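Written out below as C-alpha coordinates is the structure these notes cover.
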Amino acid sequence: MKCNVGGADRIIRFLIGVILILAGWYMLEGNARTLAIVIGAVVIFTALVRRCLLYYPLGISTCKSDDGS
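Here it is as C-alpha coordinates:
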(Lines of atoms letter the chains of each structure in order from A and count residues from 1; the text may use other names and numbers.)
(Lines give C-alpha, C1' and ligand atoms only; values in the text may rest on other atoms or scores of the structure.)
Protein backbone atom coordinates (compact mmCIF):
# COMPACT_ATOMS: atom_id res chain seq x y z
CA MET A 1 0.00 0.00 0.00
CA LYS A 2 1.16 3.49 -0.77
CA CYS A 3 1.64 6.23 1.78
CA ASN A 4 -1.38 8.51 1.99
CA VAL A 5 -0.62 10.49 5.18
CA GLY A 6 1.78 13.39 4.69
CA GLY A 7 4.01 15.35 7.05
CA ALA A 8 1.61 17.93 8.49
CA ASP A 9 -1.17 15.33 8.64
CA ARG A 10 1.13 13.00 10.62
CA ILE A 11 1.99 15.69 13.17
CA ILE A 12 -1.65 16.66 13.65
CA ARG A 13 -2.72 13.02 13.98
CA PHE A 14 0.02 12.31 16.51
CA LEU A 15 -0.92 15.31 18.65
CA ILE A 16 -4.64 14.50 18.52
CA GLY A 17 -3.87 10.90 19.46
CA VAL A 18 -1.80 11.96 22.47
CA ILE A 19 -4.52 14.40 23.57
CA LEU A 20 -7.19 11.70 23.29
CA ILE A 21 -5.16 9.21 25.29
CA LEU A 22 -4.34 11.73 28.01
CA ALA A 23 -7.93 12.99 28.17
CA GLY A 24 -9.21 9.44 28.36
CA TRP A 25 -6.74 8.46 31.04
CA TYR A 26 -7.09 11.50 33.30
CA MET A 27 -10.51 13.04 32.61
CA LEU A 28 -12.92 10.32 31.55
CA GLU A 29 -14.36 7.21 33.16
CA GLY A 30 -15.83 3.91 32.04
CA ASN A 31 -16.58 3.28 28.39
CA ALA A 32 -15.72 6.86 27.40
CA ARG A 33 -12.20 6.35 28.79
CA THR A 34 -11.73 3.11 26.88
CA LEU A 35 -13.08 4.60 23.65
CA ALA A 36 -10.87 7.70 23.86
CA ILE A 37 -7.75 5.62 24.53
CA VAL A 38 -8.48 3.18 21.69
CA ILE A 39 -9.23 5.93 19.19
CA GLY A 40 -6.11 7.83 20.29
CA ALA A 41 -3.98 4.71 19.80
CA VAL A 42 -5.41 4.10 16.32
CA VAL A 43 -4.78 7.73 15.33
CA ILE A 44 -1.17 7.52 16.54
CA PHE A 45 -0.71 4.22 14.71
CA THR A 46 -1.93 5.74 11.42
CA ALA A 47 0.52 8.62 11.91
CA LEU A 48 3.41 6.22 12.49
CA VAL A 49 2.71 3.90 9.54
CA ARG A 50 1.69 6.80 7.24
CA ARG A 51 -1.42 4.98 6.05
CA CYS A 52 -5.07 5.70 6.75
CA LEU A 53 -7.49 3.02 5.59
CA LEU A 54 -10.34 5.53 5.42
CA TYR A 55 -8.39 7.66 2.93
CA TYR A 56 -8.16 4.84 0.33
CA PRO A 57 -11.87 4.55 -0.61
CA LEU A 58 -12.23 8.34 -0.45
CA GLY A 59 -9.24 8.83 -2.77
CA ILE A 60 -7.49 11.21 -0.35
CA SER A 61 -3.73 11.51 -0.03
CA THR A 62 -1.74 14.16 1.81
CA CYS A 63 1.63 12.67 0.78
CA LYS A 64 3.64 14.82 -1.59
CA SER A 65 5.40 11.92 -3.33
CA ASP A 66 3.59 9.35 -5.45
CA ASP A 67 6.04 6.52 -4.77
CA GLY A 68 4.81 5.91 -1.21
CA SER A 69 8.04 6.80 0.50
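Residue numbers (the working numbering): 22 to 90. Note that the Cβ used here is the ideal one computed from N, Cα and C, for glycine as well. It should be emphasised that the depicted structure is a prediction, and the values quoted were computed from it without experimental measurement.
I need the straight-line Cα distance from residue i to residue j, nearest angstrom please.
i	j	result
Leu-49	Ile-37	16 angstroms
Ile-42	Leu-69	16 angstroms
Val-63	Leu-56	11 angstroms
Gly-51	Val-39	19 angstroms
Gly-28	Tyr-76	15 angstroms
Met-22	Gly-80	13 angstroms
For residue i, collect the residues of the same chain with a Cβ closer than 7 angstroms to its Cβ; drop the 5 residues on either side in sequence, then sort them by chain order.
i	result
Cys-73	Asn-25, Val-26 and Thr-67
Can you round the beta-carbon distance between residue i and residue j to whole angstroms, since I take them to be within the 8 angstroms contact cut?
i	j	result
Phe-35	Ile-65	6 angstroms
Ile-58	Gly-45	4 angstroms
So, for residue i: in the same chain, excluding its five sequence neighbours on each side, which residues have a beta-carbon less than 6 angstroms away from its beta-carbon?
i	result
Arg-54	Gly-45
Ser-82	Asn-25
So, for residue i: in the same chain, excluding its five sequence neighbours on each side, which residues have a beta-carbon less than 8 angstroms away from its beta-carbon?
i	result
Ser-86	Cys-24
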